Amino acid sequence: MMSTAIVWFRRDLRLADNPALQAAVADAKRVVPVYIHAPEEEAPWQPGAASNWWLHHSLRALAADLEAHGAPLVLRRGDSLQQLLELIDATGAEAVYWNRLYEPAVLKRDARVRESLGERGIVTQDFNAYLLLEPGRVLNQSGAPYKVFTPFWKAARGELTVRAPAPPPKLTSIKQAPAGLRVDDLQLLPDILWYGGLAENWTPGEAAALAQLDEFIQAPAADYKDDRNRPDKPGTSRLSAHLHFGEISPHQVAWAAEKQTAESARGAAGIEVFMNEIGWREFAHHLLVHFPHTTDEPLRPDFKAFPWRMPDDTDEAYRAWCTGHTGVPLVDAGMRELWHTGWMHNRVRMVVASFLTKNQLISWQAGARWFWDTLVDANLASNTLGWQWTAGCGADAAPFFRIFNPIRQGEKFDPHERYVRRWCPALADIPQGAAHAPWTADGTYPEPIVDLKESRAVALEAYKHARQ
DNA sequence: TGAAATGTTGGGGCG
DNA sequence: ACGCCCCAACATTTC
13 MMSTAIVWFR
23 RDLRLADNPA
33 LQAAVADAKR
43 VVPVYIHAPE
53 EEAPWQPGAA
63 SNWWLHHSLR
73 ALAADLEAHG
83 APLVLRRGDS
93 LQQLLELIDA
103 TGAEAVYWNR
113 LYEPAVLKRD
123 ARVRESLGER
133 GIVTQDFNAY
143 LLLEPGRVLN
153 QSGAPYKVFT
163 PFWKAARGEL
173 TVRAPAPPPK
183 LTSIKQAPAG
193 LRVDDLQLLP
203 DILWYGGLAE
213 NWTPGEAAAL
223 AQLDEFIQAP
233 AADYKDDRNR
243 PDKPGTSRLS
253 AHLHFGEISP
263 HQVAWAAEKQ
273 TAESARGAAG
283 IEVFMNEIGW
293 REFAHHLLVH
303 FPHTTDEPLR
313 PDFKAFPWRM
323 PDDTDEAYRA
333 WCTGHTGVPL
343 VDAGMRELWH
353 TGWMHNRVRM
363 VVASFLTKNQ
373 LISWQAGARW
383 FWDTLVDANL
393 ASNTLGWQWT
403 AGCGADAAPF
413 FRIFNPIRQG
423 EKFDPHERYV
433 RRWCPALADI
443 PQGAAHAPWT
453 ADGTYPEPIV
463 DLKESRAVAL
473 EAYKHARQ
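Following my numbering, the numbering of the first sequence begins with 13 at its first residue and continues without gaps.
This is the structure in structure tokens:
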């Protein structure tokens, strides 16, 4: 048994069901938990402001948990390899364990770290803690990655055995911890206090993640099939950010889902649909590993020349979309929910993305960037898949001609107008029944910045032309 | 996990 | 009784 091992925490900010931590505890007498803040190593997709807010609180939660276990988190900033080497020096660690991540820049960084540590005789071990199945394991008959979700998920489920989540391991108390920073020193919170809405809506950290999973599986999951489409109801799991930061593992989620299904047949259909969404998360990460260029380029080459406009910061139409001033209530409501809470209901994400890429003909990359900066659950794989899906240029994408009509979508999925009225108070003087299309009634809501019917026709014309 | 245009069917009013 | 028209409801096609 070795004397000391470092566990390099990244986006696996939990103690339970954490394979790297578990293995280190098993292999070494003493485990030193480390987090190194090195956002520049994730360029060009450094986390945005909302994501940093979450990280700040998640790190505080993890630090408190580790403190309580007697093994305080050593917090550093700077070059990951250099910091690890310093800590190896300071602690006499013989090994570094971590859990894998799958973004292109992080994969490259980790390969470099693994190689350099190996050259110096340091043992490294890395584990899958982020996904149900390792990318590369799910391939079609000809050995190529799946590009369609349904066969992917079918094959993945065939490969998959959901394991019981491991409990938090017992850590040995560290008497002399190496020097480190406080979470506040990382300056993850912005100078301007705009994040009140985030704090009202979210509690980062492992304990809150487990509580949210439990709450969701106990109740809303049963009605998930229909309610997940209703932005006016609390019908979704709201686990996205917890999963993104690894405060909870997909195995814990899948295990809880299977257990609930086994215990009661009621709600099994809802849980099945929910597991499909976990499947989309898997699919997104697998695709990103196989097609790393898709963060910036369409997966489908025939869309490379599509005449989307890349806006600059002064582009008024783009600003109107970002700030929720398009004059289309469901779009405005979604963008304001995003700005205020760092999150948007998935149904509404599709609607605002369709509006940007089709009614406004603005590039999906611009939308992806805005989401990246404003979402607390901003995740490169899911964000890339989601945007390319709606834009029509990605894997298993919605055909381009599927253009959402935000009025129809509002009538279908926000039938009582509660969602739009909540986020757009200016609808107050619009009579009930007209909130999704206020220009058809007396009142003062601003006019839409584009004509829905006309812009739809223009988009279809552009598509027809681009296909030739 | 679309929406709109176009086509079809069938009930009912009416001469 | 019958043909005709209208139109809602549903189905199919198109983008």
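Each residue gets a CB set at the ideal place from its N, CA and C atoms; glycine is no exception.
As the structure is a computational prediction, the values presented were derived from the model and not from experiment.
query: Would the stretch 424-442 count as touching the stretch 295-315 if we require 3 or more Cβ pairs under 8 Å?; result: no
query: Three or more C-beta pairs under 8 Å: does that hold for the stretch 349-369 against the stretch 68-84?; result: no
query: Taking the straight line between their C-alpha atoms, what separation do you get for P458 and I260?; result: 43 Å
query: Suppose you measure from the CA of I419 to the CA of V340; what does that come to, to the nearest Å?; result: 8 Å
query: Determine the extent of the alpha helix (DSSP H) in which R420 is found, giving its start and end residues.; result: P418 to F425
query: Within 10 angstroms of the Cβ of T103, are there 16 or more other Cβ atoms? Answer buried if so, exposed if not.; result: buried
query: Buried or exposed, going by whether 16 or more other CB atoms sit within 10 Å of the CB of P216?; result: buried
query: Tell me which residues share the same chain as A380 and place their Cβ nearer than 6 Å to its Cβ, disregarding the 5 neighbours each side in the sequence.; result: N395 and W399
query: Could you compute how far the alpha carbon of E171 sits from the alpha carbon of I283?; result: 19 Å
query: So E53 packs on A117, CB below 8 Å; how close in whole Å?; result: 7 Å
query: Between which two residues does the beta strand (DSSP E) holding Y47 run?; result: A40 to H49
query: Do you know how far the Cα of P443 is from the Cα of L151?; result: 54 Å
query: Sort K271, I290 and A403 by Cα distance to R321 and report the nearest one.; result: A403
query: Taking only three categories from DSSP, how would you classify M287?; result: helix
query: Under a three-way DSSP split, which group does I229 fall into?; result: helix
query: Are three or more beta carbon pairs between the stretch 26-44 and the stretch 255-275 nearer than 8 Å?; result: yes
query: Beta-carbon within less than 6 Å of P323's beta-carbon, same chain only, minus the 5 sequence neighbours each way: which residues are those?; result: Y330, I374 and A378
query: Quick check: what's the CA-CA separation for F367 versus K187?; result: 57 Å
query: Using DSSP bridges, identify the partner residues of L113.; result: Per DSSP, none; premise fails for L113.
query: What does the Cβ neighbour count give for L193, buried or exposed, with the cut at 16 atoms within 10 Å?; result: exposed
query: Please report the Cβ distance between K237 and V285, rounded to the nearest whole angstrom; I am assuming they are in contact, meaning their Cβ atoms lie under 8 Å.; result: 5 Å
query: Does the separation of the CB atoms of G354 and A345 fall below 9 Å?; result: no
query: Within the same chain, show all residues whose beta-carbon is closer than 7 Å to that of A447, passing over the 5 residues directly before and after it, in chain order.; result: P341, E429, V432, R433 and L439
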